[in-house]
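Structure first, then comments.
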Ligand code: SF4
């Protein structure tokens, strides 16, 4: 059955009004860059936070909190300074899921070197995501950005290949996966309204792929947006196109609010009376409809 876009849009608006409050940011890795005022810090902290944004929010926070605490009021400046504090920062890094201590050390050594070599000018990385004509290209821009980091990591390592943990962290440029952590980074950098930062000017909000994390993948299926079972970068752009019908210039407008349905409301894409009866999306949810006959 085709989606009733007017009804769907009104439910999304209800959800937006519910979650458009600063305290909901604590349930999202965007809480880290939100603590900074300087755009250089916001961008660097966003990049780090997005790369490690896999796993549950609590484990991401447990790993990242001490890192940002150690890096002090300006992580950008701290990473650029060579010497004892930075060496001690590297020594204190721990393990995070697929990344060993060594992987994390290599990543931060690489990031620090890249930052030292870049001009002190915001934005730092946008030029790595556009072509020589200043254009963001769906097919190639994110892969090109991954390739840049892959090469820099290899330079630090002095090797031609990366460990599993480092390759996972930055993603494989040639992979057809949804590239959801870098899509999330783009959302934070490109969108200009809550909860994002809008630091990038050359990339438009209606160009970037929808960040397809596990919550969103389940949700868009039960909302009837797609019946695909597997999701890759192609689907990330297709879902963005769907949301363009609702919000042409800002199709990722509802991403943050939709992810709250999984993270806060504990939607597991199955009918659970206590959760579903109070869900703002129940009138447009196929699972709710088939369980209740509505
Ligand atoms: S009605 Fe239930 S299954 Fe449907 S989106 Fe809401 S919480 Fe999830």
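Residue numbers (our numbering): 515 to 808. Where a beta carbon is used, it is the ideal one built from N, C-alpha and C, also for glycine.
In the assembly as shown, residue 626 is a buried residue. Its beta-carbon has 16 or more other beta-carbons within 10 Å.
Between residue 660 and residue 679, the gap from beta carbon to beta carbon reaches 8 Å or more. For residue 613, the secondary structure class from DSSP, reduced to helix, strand or coil, is strand. Residue 801 and residue 605 have their C-alpha atoms roughly 49 Å apart. Relative to ligand 1, residue 795 has its C-beta within less than 7 Å of a heavy atom.
Rounded to whole angstroms, the separation of the alpha carbons of residue 517 and residue 525 is 12 Å. Annotation: the region 709-779 contains the following complete segments of the alpha helix (DSSP H) (minimum length 4 residues), in chain order: 728-736, 747-758 and 769-777. Rounded to the nearest angstrom, the gap between the Cα atoms of residue 539 and residue 533 is 9 Å. For residue 601, the uninterrupted alpha helix (DSSP H) run begins and ends at 598-606, by DSSP. With three or more CB-CB distances shorter than 8 Å, the region 726-738 counts as touching the region 757-773. Between the C-alpha atoms of residue 790 and residue 796 there is a straight-line separation of about 6 Å.
Taking residue 682 as reference, the option from 602, 807, 703 and 617 with the minimal CA-CA separation is 617. The residues 546, 559 and 589, in chain order, have a CB closer than 7 Å to that of residue 582 in the same chain once the five nearest residues on each side in sequence are set aside. Secondary structure at residue 639: coil, using DSSP grouped into helix, strand and coil. Counting along the chain, the unbroken alpha helix (DSSP H) around residue 528 starts and ends at 519-533.
Apart from the 5 residues on each side of it in sequence, residue 548 sits with its Cβ closer than 6 Å to the Cβ of 539 in its chain, given in chain order.
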